[in-house]
Amino acid sequence: MDIAETRNAAASASGSVAFSCVVDKDPFLIAQCFVWLYCLTELKSLSPAQIFVHHTDIDNREFLDWLRSRGVNLVQIGQYDERSPYCNKLRQLRTFCRRKFDHVVLMDCDTAWVGDAALPRRAPVAAKIADLASPPEAVLAQIFRAAGVGEPDWVEVSFPADEPGWRYTDRSYCNGGLYILSGDIIAKLDLVWRKWANWCLKRPHLFGDFAAHADQVSFALALREMQLPVDHLSLEWNYPLHLPGAPLPDVTPQILHFHRQFGPHFEIQSCGVPTVDRTIDALNKNISAFLGKHFINRMFWDLRYKISPELGSGVGSRGDILQQKRNWLGYALMAFEDKRIVDIGCGDLETTRELPLTRYTGLDVSRQAIDIARAKRPDWQFKTIDANGSKWDEGDAVVCLDVLIHQTRRSDFEGLLRRLIAAARERLIVSGYGSPPANSSGIVAFHRPLIDALKESNAFSEISILGHYRDLSLIVADKRRGGSEAHPNDIEGGDYNEAASLTPRPDLLRALADLSRDTFGFYTKQFSRALEYPWIAQKLEAVLPGQRAVDIGAGLNPLPLFLARRGAFVDCVDFHPLQRAAASDASWNEWGFFDYGRVHPNLRSHNVNALEFAPAAPVDIVYSVSVIEHMPRATWQALLVRCRQWLRDSGRLLLTIDLIPGTQFLWNYSEGQEVEPPVVHGDIDAFAAQLGIAGFQPVDAFVWKDVPKSRTDLLFIECTAR
1 MDIAETRNAA ASASGSVAFS CVVDKDPFLI AQCFVWLYCL TELKSLSPAQ
51 IFVHHTDIDN REFLDWLRSR GVNLVQIGQY DERSPYCNKL RQLRTFCRRK
101 FDHVVLMDCD TAWVGDAALP RRAPVAAKIA DLASPPEAVL AQIFRAAGVG
151 EPDWVEVSFP ADEPGWRYTD RSYCNGGLYI LSGDIIAKLD LVWRKWANWC
201 LKRPHLFGDF AAHADQVSFA LALREMQLPV DHLSLEWNYP LHLPGAPLPD
251 VTPQILHFHR QFGPHFEIQS CGVPTVDRTI DALNKNISAF LGKHFINRMF
301 WDLRYKISPE LGSGVGSRGD ILQQKRNWLG YALMAFEDKR IVDIGCGDLE
351 TTRELPLTRY TGLDVSRQAI DIARAKRPDW QFKTIDANGS KWDEGDAVVC
401 LDVLIHQTRR SDFEGLLRRL IAAARERLIV SGYGSPPANS SGIVAFHRPL
451 IDALKESNAF SEISILGHYR DLSLIVADKR RGGSEAHPND IEGGDYNEAA
501 SLTPRPDLLR ALADLSRDTF GFYTKQFSRA LEYPWIAQKL EAVLPGQRAV
551 DIGAGLNPLP LFLARRGAFV DCVDFHPLQR AAASDASWNE WGFFDYGRVH
601 PNLRSHNVNA LEFAPAAPVD IVYSVSVIEH MPRATWQALL VRCRQWLRDS
651 GRLLLTIDLI PGTQFLWNYS EGQEVEPPVV HGDIDAFAAQ LGIAGFQPVD
701 AFVWKDVPKS RTDLLFIECT AR
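Take the sequence shown: its letter number 149 is residue 149 in this note's numbering, and every next letter is one higher.
Okay, here's the thing in structure tokens:
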């Protein structure tokens, strides 16, 4: 049964014309209908009361709501017959039996009225003869004879083929993209067309491979029975863009019939005919501007993922940018692998598909994207959502990449951000603009810097930009507990944010802080460690599974955990007398001996003097974070020799060393006690000389001065074993 969802009082004044189409849930049809409606309302300035959109099986509520907002007549229909979706167009006539118009124009969704000429209304039926003889002459003649209506009234098709049997069709066999019908024939045509459609659908053997044309053949049979002549329209009124190699004339088109010559950015594809292509170019520019004002998320992304899935969500979802986003997300979610992850706008899953997550739910407005994503990770959960209406699941971490930028209205941007903040129990990982983009388009918008919006929400204690791609920033914001629930030695939110803005690798800082808090209950509040640990991690980021490392003076730090997760084996050497054997408590800090073997099988701890330690086999890496300077000079000199003995040739030595501020001297205190005078303890030159004596070749070295909240400057050194 046809159900009118929106009822406009369509006037029956002299000269009144109704325009109608049928659309179903196919993303192509929905996108084409968007263009069709643009042409009628914006280019032709038709009243919404004249426009009828008949729809069946559409589950895109965002698109339906947009149609309602445009004020057009929205008519829900059922399928005519599951054997022929093209016969759904017959459902339109019943609507116009109840409404009186002088003329009714039935148009396919893939038509665009672009010309300035007046609509031809010279006969009861106006249409363009079919483009091709399809079905061919023999098949059509067989159908007409079986129908008992005699031989077809043969006329040449628009693009006749050279071979016999493919040049002619019946005079009433027209291209179904445009039928202009006199209003006084609608009621009878509704009955007769249905009769012949049912007759054709019951006789597929007559059609052979051409059963898809039952709607057009039945239309021709109906006109034959009603003895209605057809005013054959010129090609300009139904200009086909889907016939490669056809001799298309260089004329000014009135209505473009573009079929599926339609790209993922809502652009109609050119055909190589100069005048027509100029028309198409102008139309595409207008469509782009209209799309910017009326961006319908699901419509856009369903089309993109249906016809060009290789594009993903755009330039930022493929190539080097994709790999960088994967890396950032891997670090940001390292501590959430067994927690609840909700990904808003998961798209085709290319960014997250390789992450070792066990409780992932992907949400997207595009059903096409969800189908693609589900095929890639059938072990994960996926749901389609409405852009504004659906209730989202909460997650320990919520991810939302490249979605906020497509909220073209400020209210939608603010509303989406509020929902993201509310859904994130612990962490929000989100991307957006920090400033107006250099390369803008109609489908993206800047409203205000995203990081400012997150700060102003007062929902987060730690907010850091992990990186930039194109004009976007990827931000991690944490709702970490503070006050009495925070560990006394944990870095404060403000200090963390400052460190994240200083370190070249805030993504590694995020991962290391998470590992440390999960293991020890805190990430040390000593500010310099927020610079040193990420530097070491960056240098060792490419460590290979099975490589061996030694951490000198390990204490309680996240670097062994970071390396172990990447497959390395680490010997953690620390001679501190304080044993951190029990579960973490408020007294813990980064000092002390910790048995790392309790938390990962790749880790072994040794409570021995480093000079007495001997690894079981040559190692690939030795590193130490602000330890060596706390030893007397004779000790650190001997230790450098030992490090070279442990390392295989070309092995790496990574050190961070405290310096007396504003000088070249190594820091000469250990736990508040002077080790030896600075001139005895040594400076950078002395240390470099000893590295050479021990058998090391410098690779990288620099000093970080004026470290916030620190009594020292920092020396960073990377060497290889000669």
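Quick reminder that beta carbons are idealized off the backbone N, C-alpha and C, glycines included.
Assuming the contact rule is C-beta atoms closer than 8 Å, residue i and residue j should be a hit. Round their C-beta distance to whole Å, please.
i: glutamate 532; j: phenylalanine 290; result: So it is not a contact: roughly 54 Å between Cβ atoms.
i: leucine 322; j: leucine 357; result: Wrong, their Cβ atoms sit about 18 Å apart, outside the cutoff.
i: histidine 103; j: glycine 183; result: 6 Å
i: lysine 525; j: aspartate 471; result: Incorrect: roughly 35 Å between the Cβ atoms, too far for contact.
i: arginine 326; j: threonine 351; result: 6 Å
i: aspartate 131; j: valine 157; result: 6 Å
i: valine 251; j: leucine 235; result: 7 Å
i: aspartate 396; j: arginine 425; result: 5 Å
i: leucine 241; j: glutamine 261; result: 5 Å
i: valine 17; j: leucine 178; result: That belief does not hold up - the Cβ atoms of valine 17 and leucine 178 are roughly 13 Å apart, past 8 Å.
When we look at the beta-carbon of residue i and count the other beta-carbons within 10 Å, is it buried (16 or more) or exposed?
i: arginine 410; result: exposed
i: glutamate 462; result: buried
i: proline 191; result: Contrary to the premise, residue 191 reads as leucine rather than proline in this sequence. Result: exposed.
i: serine 626; result: buried
i: alanine 13; result: Reliability of the predicted coordinates at alanine 13 is poor, the pLDDT of 37 falling under 50, and the value obtained from them is presented with this limitation in mind. Result: exposed.
i: asparagine 439; result: exposed
i: phenylalanine 665; result: buried
i: valine 680; result: exposed
i: isoleucine 717; result: buried
i: glutamate 590; result: buried
i: methionine 1; result: The predicted model places methionine 1 with a pLDDT of 43, which falls under 50 and marks its position as unreliable; any figure quoted below should be read in that light. It counts as exposed.
i: threonine 724; result: Nothing can be reported for residue 724, as the shown portion of the chain is limited to 1 through 722.
i: glutamine 637; result: buried
i: isoleucine 341; result: buried
i: glycine 787; result: Any property of residue 787 remains undetermined from this structure, which presents the chain solely from 1 to 722.
i: alanine 9; result: Low confidence applies here, because alanine 9 scores a pLDDT of 39, under 50, leaving its location unreliable; read the following figure in that light. Exposed, because fewer than 16 other Cβ atoms sit within 10 Å of the Cβ of alanine 9.
i: alanine 11; result: For alanine 11, the predicted structure reports a pLDDT of 39, less than 50, and the residue's modelled location is therefore unreliable. A value from the coordinates is still provided. That one is exposed.
i: serine 441; result: exposed
i: arginine 722; result: exposed
Figure out for me which residue from the options has the closest Cα to the Cα of residue i.
i: tyrosine 239; options: Met226, Ile280, Phe569; result: Ile280
i: proline 152; options: Ile372, Leu223, Leu466, Glu674; result: Leu223
i: arginine 418; options: Ala459, Gly442, Phe382; result: Ala459
i: leucine 509; options: Gly330, Cys346, Pro632; result: Gly330
i: leucine 404; options: Ser435, Trp392, Leu450; result: Leu450
i: serine 45; options: Asp116, Ile341, Pro577, Ser308; result: Asp116
i: alanine 49; options: Phe19, Trp66, Asn60; result: Phe19
i: glutamine 645; options: His232, Ala138, Ala694, Ile536; result: Ala694
i: serine 134; options: Arg203, Ala211, Tyr179; result: Ala211
i: proline 264; options: Gly165, Asp412, Pro249, Leu311; result: Leu311
i: arginine 711; options: Arg722, Ala721, Ile657, Asp649; result: Ile657
i: proline 727; options: Ala373, Ser234, Val139; result: Residue 727 lies beyond the residue range present for the chain, which begins at 1 and ends at 722; the question has no answer from this structure.
i: glycine 347; options: Pro708, Pro632, Phe382, Phe266; result: Phe382
i: leucine 611; options: Trp667, Gly553, Ser584; result: Gly553
i: aspartate 595; options: Ala582, Tyr80, Leu37; result: Ala582
i: aspartate 495; options: Cys109, Leu659, Pro708; result: Pro708
i: phenylalanine 63; options: Leu256, Phe28, Val570; result: Phe28
i: valine 543; options: Ser528, Phe562, Pro632, Gln673; result: Phe562
i: glutamate 137; options: Pro160, Ala688, Phe687; result: Pro160
One question on the structure: do residue i and residue j come within less than 7 Å of each other, judged by their Cβ atoms?
i: cysteine 33; j: valine 23; result: yes
i: valine 641; j: phenylalanine 613; result: no
i: threonine 731; j: isoleucine 77; result: Shown here, the chain extends from 1 to 722; a query on residue 731 therefore has no answer.
i: valine 430; j: isoleucine 370; result: no
i: leucine 90; j: arginine 167; result: no
i: proline 253; j: valine 276; result: yes
i: arginine 171; j: valine 155; result: yes
i: aspartate 518; j: alanine 335; result: yes
i: threonine 408; j: alanine 453; result: no
i: phenylalanine 413; j: histidine 468; result: no
i: proline 558; j: serine 624; result: no
i: isoleucine 180; j: leucine 93; result: no
i: isoleucine 344; j: cysteine 400; result: yes
i: arginine 652; j: threonine 720; result: yes
I want to see whether chain D comes within less than 7 Å of residue i, judged by CB atoms only; does it?
i: glutamate 414; result: Checking the listed chains, one finds no chain D in this structure; it contains a single protein chain.
Worksheet item: Taking three-plus beta-carbon pairs below 8 Å as touching, is the stretch 498 to 508 in contact with the stretch 598 to 610?
Response: Touching, no.
Worksheet entry | Three-pair Cβ contact test at 8 Å for the stretch 615 to 624 versus the stretch 544 to 551 | They touch, by the three-pair rule.
Worksheet item: Would the stretch 46 to 65 and the stretch 83 to 97 be scored as touching if the rule is three or more Cβ pairs under 8 Å?
Response: Touching, per the Cβ criterion.
Discussion item. Does the contact criterion of 3 or more C-beta pairs under 8 Å hold for the stretch 299 to 308 versus the stretch 361 to 381?
Written reply: Under the Cβ criterion (8 Å, minimum of three pairs), the stretch 299 to 308 counts as touching the stretch 361 to 381.
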